[in-house]
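Heads up: the sequence shown runs through residues 2 to 155, numbered per this note's numbering. Quick reminder that beta carbons are idealized off the backbone N, C-alpha and C, glycines included. First up is the structure itself, then whatever we jot down about it.
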Amino acid sequence: MFGAGNTRRHLLGAVSLLMLAGTSARPAPQVTSTGFLVNLEVKVNAPVAKVYDALIGQVGSWWNPEHTYFYVAPREVLRFSGGLGPLQASGIAGSMTWKLTSDRDQTRIQLSYSVGGFVVGGFDRIAPAVESMLNEQLNRLKLFAETGKPTTEQ
Numbered sequence: 002m003f004g005a006g007n008t009r010r011h012l013l014g015a016v017s018l019l020m021l022a023g024t025s026a027r028p029a030p031q032v033t034s035t036g037f038l039v040n041l042e043v044k045v046n047a048p049v050a051k052v053y054d055a056l057i058g059q060v061g062s063w064w065n066p067e068h069t070y071f072y073v074a075p076r077e078v079l080r081f082s083g084g085l086g087p088l089q090a091s092g093i094a095g096s097m098t099w100k101l102t103s104d105r106d107q108t109r110i111q112l113s114y115s116v117g118g119f120v121v122g123g124f125d126r127i128a129p130a131v132e133s134m135l136n137e138q139l140n141r142l143k144l145f146a147e148t149g150k151p152t153t154e155q
């Protein structure tokens, strides 16, 4: 009744929905022929100081350590520079900004990643995958700040 293709498709759909849990509804990435912009936002049930400590002081617990940061305004902004993941092999420039704002006992995280340059196959193919990866990283930070674990599977 259910072929392997249907099972995989249903599993992929379920995983996609789980990855979106905790993030607000958002438009698709803005994509042009020369680049793209991803904007994500999430509220974390933890104060700014705890989220900032996870973002900066414990980044190796939830983020791939191959990336570097470019700018830091303590407890407010963190900015990465360069291509992340599959973009590392492309002729691109990128700027990623993490902005933290306090909302009582919660922290609002705004994540913006602006990329320009050249990617084989075009930015319209890669932008959704990058957005998905960033959404996963954002949710890993949220879970880590709230529970001390970057995933629910540990």
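Its Cα nearest to that of Ser103, the residue Asn46 stands out among Asn46, Tyr72, Phe119. Assigned with DSSP and collapsed to three states, Thr33 falls in strand.
As computed with DSSP, Tyr53 is found in no beta bridge at all. Inter-segment contact for the region 111-126 and the region 36-45 is present: three or more beta-carbon pairs are separated by less than 8 Å. Per the DSSP secondary-structure output, Trp99 pairs in a beta bridge with Leu79, Leu112.
Segment contact: the region 135-155 against the region 115-127, fewer than three CB-CB distances shorter than 8 Å; contact not assigned.
Across the set Ala94, Gln107, Met134, the C-alpha of Ala94 shows the shortest separation from the C-alpha of Gly36. In the structure shown, the three-state DSSP call for Asp104 is strand. With fewer than 16 other Cβ atoms from the protein chains shown falling within 10 Å of its own Cβ, Gln31 counts as exposed. Scanning its chain for C-beta atoms nearer than 7 Å, with the 5 sequence neighbours on each side dropped, one finds around Tyr53 the residues Arg76, Leu101, in chain order. Non-local C-beta neighbours of Leu79 in its own chain, meaning closer than 7 Å and more than five positions away in sequence, comprise Leu56, Ile57, Tyr70, Val73, Trp99, ordered along the chain. With a threshold of 16 other beta carbon atoms within 10 Å, Pro87 falls short and is exposed.
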